[in-house]
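A quick write-up on the structure given underneath.
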Ligand code: HEM
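Take a look at the structure:
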């Protein structure tokens, strides 16, 4: 049918599919990157595929990213794409449950808590949490038993890093009340709420399933918990040393432009949104980073040497605590995180809903196209999808694109800089990315944190959390991978490794 009636030529080409409503859902769900690359070869950078009845137009490459992430809010928006899915989890009146200008104010409130001054206070707190975890959790039994290098043990990186991530986030951003209740009821509630954050929920916001009921119950319980905590803090009217740096403290000082205070339920729901936004993304990145370091023990050794060089105090295995500024200035650590995010961006698809017919220049589909033809129209009601992961692995942009090589980020004229040059050569145009600011623009080939009005505001916090995680582990443990590098699981909302993915470790003899 599709071959006989190829569709409206003013619209982007539709990916060939056999099942009318399911469309390409299975291929996309199994491996979106491979699916998009295949479609790119056949149709160019712009094409539409059917995803369980929805029409989704994909625009690939830096210009495609720019088209979507830098798109006009009046033509396409995130709230109509995500609200059905996020509101039951985050709660009412925040993020995508409000008009975008309100959310932009809420983002400003959140930024007021993500300050360098607060980050400075977090370094020590994170270090304590991670050290205590390694010294007490059963995942690191071998470390705890031996006081010298010898036996190898194993840990499951995703489970372990997820726990460490929630511990460090709750100790710092979320507040001491959340940290204290993590060991009790909060962890189960979080797990139930998290059960509502899956692709199934994205496609079907309400089904009569137990997991949906648990999600709703957990949301109510968590919202009540935060609200009670906020009430108590507001009643106290002052902050103590150990809660003056968290996000609640920051939010309670903020006001909307019209002068009204942020209502209690909104503070609570912003806190839940932050917990969900930061947890999986950071845990997944930490997991992939450790897997890559374990796969490349020479990088583990180089990271260890970097720690000795900057923080060693002359006694084997003894280090001083880094300052926030020192941590952020470690070249190899920074490059390891950057490179991990290039190959393993936790978010592979960014959606927007089209609210007004929107033209797409044909040159966007085929960069070298010189044919002056009318643009494609992406009709109102479609979704558009940006996938930075495709440009982050594009061999025309990145030499040895599929290789995890942190060193490509280390030299001004090194491989990363060459990647931009290659992009310019391919596209025949000059692009001023500026080294070190590569993830800022909406048309950058590197966008693990998105771009434009919805760009991530948690990037600096994530770098701090990941930097502390990697450096604290590397100071204490030698890592090795005794299995083939794990395959990728795209069936979860966030890109995760499939099992088996255990990392082998042993105590560093000096530690
Ligand atoms: C937005 C990635 C950590 C809070 C985003 C977006 C991406 C992203 C790709 C854009 C989404 C879109 O355009 O629809 C990541 C990655 C992280 C990370 C890779 C860690 C490695 C965090 C953390 C927080 C956070 C730790 C909170 C502390 C947010 C918020 C937004 C956002 C509030 C804005 C959403 C919007 O404006 O629609 N993040 N994120 N993220 N992220 Fe992150």
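In the UniProt record's numbering, the protein residues as written are 71 to 581. Glycine included, each C-beta is placed from N, C-alpha and C at the ideal position.
Q) So, helix, strand or coil for residue 537, using DSSP? A) DSSP places residue 537 in helix when its eight states are reduced to three.
Q. Could you give the C-beta distance for residue 536 and residue 407, rounded to a whole number, given that I count them as a contact under 8 Å?
A. The pair is a contact, with the Cβ atoms about 5 Å apart (cut-off 8 Å).
Q) Given a threshold of 16 other Cβ atoms within 10 Å of its Cβ, counted over all protein chains shown, does residue 330 qualify as buried or as exposed? A) The residue in question, residue 330, is exposed, as its Cβ has fewer than 16 Cβ neighbours within 10 Å.
Q | Any non-hydrogen atom of the ligand HEM within 8 Å of residue 180 CB | A | Residue 180 Cβ: within cutoff of the ligand HEM.
Q: Determine the closest residue to residue 265 out of 279, 573 and 252, with distance taken between C-alpha atoms.
A: Relative to residue 265, the option among 279, 573 and 252 whose CA is nearest is 279.
Q | Span separating the alpha-carbon of residue 232 from that of residue 539 | A | One C-alpha to the other measures close to 11 Å.
Q: Determine the direct distance from the alpha carbon of residue 533 to that of residue 510, and round the result to whole angstroms.
A: Here residue 510 scores only 47 on pLDDT, less than 50, and its place in the model should not be relied on; the value that follows carries that caveat. About 15 Å.
Q. What are the boundary residues of the alpha helix (DSSP H) that residue 345 is part of?
A. For residue 345, the enclosing alpha helix (DSSP H) starts and ends at 334-365.
Q. With 16 other CB atoms within 10 Å as the buried threshold, where does residue 561 fall?
A. Residue 561 comes out exposed.
(Q) Quick check: the segment 101-120 against the segment 128-141, are at least 3 beta-carbon pairs closer than 8 Å? (A) Output reads yes: the segment 101-120 touches the segment 128-141.
(Q) I'd like to know whether the C-beta atoms of residue 292 and residue 256 end up nearer to each other than 9 Å. (A) With contacts defined as CB atoms closer than 9 Å, residue 292 and residue 256 qualify as a contacting pair.
Q.
Starting from residue 176, trace the beta strand (DSSP E) in both directions and tell me its first and last residue.
A. Per DSSP, residue 176 belongs to no beta strand (DSSP E); it is in the alpha helix (DSSP H), 170-183.
Q. Whose C-alpha, out of 344, 400 and 567, is nearest the C-alpha of residue 183?
A. Ranking 344, 400 and 567 by Cα distance to residue 183 puts 344 first.
**Q.** Local conformation of residue 326 per DSSP, three classes
**A.** Correct three-state label for residue 326: coil.
Q. If we count Cβ pairs, one from each stretch, closer than 8 Å, do we get three or more for the segment 390-402 versus the segment 570-581?
A. The answer is no - the segment 570-581 does not touch the segment 390-402, with fewer than three Cβ pairs under 8 Å.
Q) Comparing the CB of residue 560 with every heavy atom of the ligand HEM, is any distance shorter than 8 Å? A) Not so, every heavy atom of the ligand HEM lies at least 8 Å from the Cβ.
Q: Tell me where the beta strand (DSSP E) around residue 224 begins and ends.
A: Taken as a continuous stretch (DSSP letters only), the beta strand (DSSP E) holding residue 224 covers 223-225.
Q: Figure out for me which residue from 189, 523, 543 and 554 has the closest Cα to the Cα of residue 403.
A: Per the Cα distances, 543.
**Q.** Stretch-stretch touch, CB-based, cutoff 8 Å, three pairs: the segment 153-164 with the segment 351-362
**A.** By the C-beta criterion, the segment 153-164 is judged not to be in contact with the segment 351-362, since fewer than 3 inter-stretch pairs fall below 8 Å.
Q) Does the ligand HEM have a heavy atom nearer than 8 Å to the CB of residue 529? A) For residue 529, the Cβ falls inside the 8 Å cut-off from some heavy atom of the ligand HEM.
Q | Candidates 306, 415 and 209: closest to residue 518 by CA position | A | Ranking 306, 415 and 209 by Cα distance to residue 518 puts 415 first.
Q | C-beta atoms of residue 513 and residue 162 nearer than 9 Å | A | No.
Q) From residue 210 to residue 216, what does the alpha carbon distance come to, in whole angstroms? A) Between residue 210 and residue 216, the C-alpha separation is close to 10 Å.
(Q) By DSSP's criteria, residue 423 is part of a beta bridge. Which residues make up the other side? (A) In DSSP, residue 423 forms a bridge with 147 and 453.
Q: Could you tell me whether the segment 443-453 touches the segment 100-107, using the rule of 3 or more Cβ pairs below 8 Å?
A: Touching, no, given that fewer than three Cβ pairs across the two stretches are closer than 8 Å.
**Q.** Cβ-Cβ separation, residue 522 to residue 140 (assumed contact under 8 Å), whole Å
**A.** Indeed they touch by this definition, with Cβ atoms about 5 Å apart.
(Q) Closest to residue 247 by C-alpha separation, out of 296, 213, 222 and 527, would be which residue? (A) Among 296, 213, 222 and 527, the Cα nearest to that of residue 247 is on 296.
Q. If we ignore side chains and look at the alpha-carbon of each, how far apart do residue 423 and residue 89 end up?
A. Roughly 23 Å between the two C-alpha positions.
Q) At which residues does the beta strand (DSSP E) containing residue 428 begin and terminate? A) First-last of the beta strand (DSSP E) with residue 428: 428-430.
Q: Kindly indicate the opening and closing residues of the alpha helix (DSSP H) around residue 108.
A: That run of the alpha helix (DSSP H) goes 102-113.
Q. At what residues does the beta strand (DSSP E) containing residue 80 begin and finish?
A. First-last for residue 80: undefined, no H or E at that position.
**Q.** Extent of the continuous alpha helix (DSSP H) run through residue 127
**A.** First-last for residue 127: 124-129, but that is the beta strand (DSSP E), not the alpha helix (DSSP H).
Q | Contact under 9 Å by Cβ, residue 238 with residue 195 | A | Residue 238 places its beta carbon less than 9 Å from that of residue 195.
Q.
Just to confirm the assignment, what range does the alpha helix (DSSP H) spanning residue 186 have?
A. That run of the alpha helix (DSSP H) goes 186-206.
Q) Between residue 173 and the rest of its own chain, which residues show a CB-CB distance below 8 Å, the 5 nearest in sequence each way excluded? A) Within the same chain, residue 173 has close Cβ partners 149, 164, 165 and 166.
Q) Short check: CB of residue 399 to CB of residue 478, under 9 Å? A) Not closer than 9 Å, so no.
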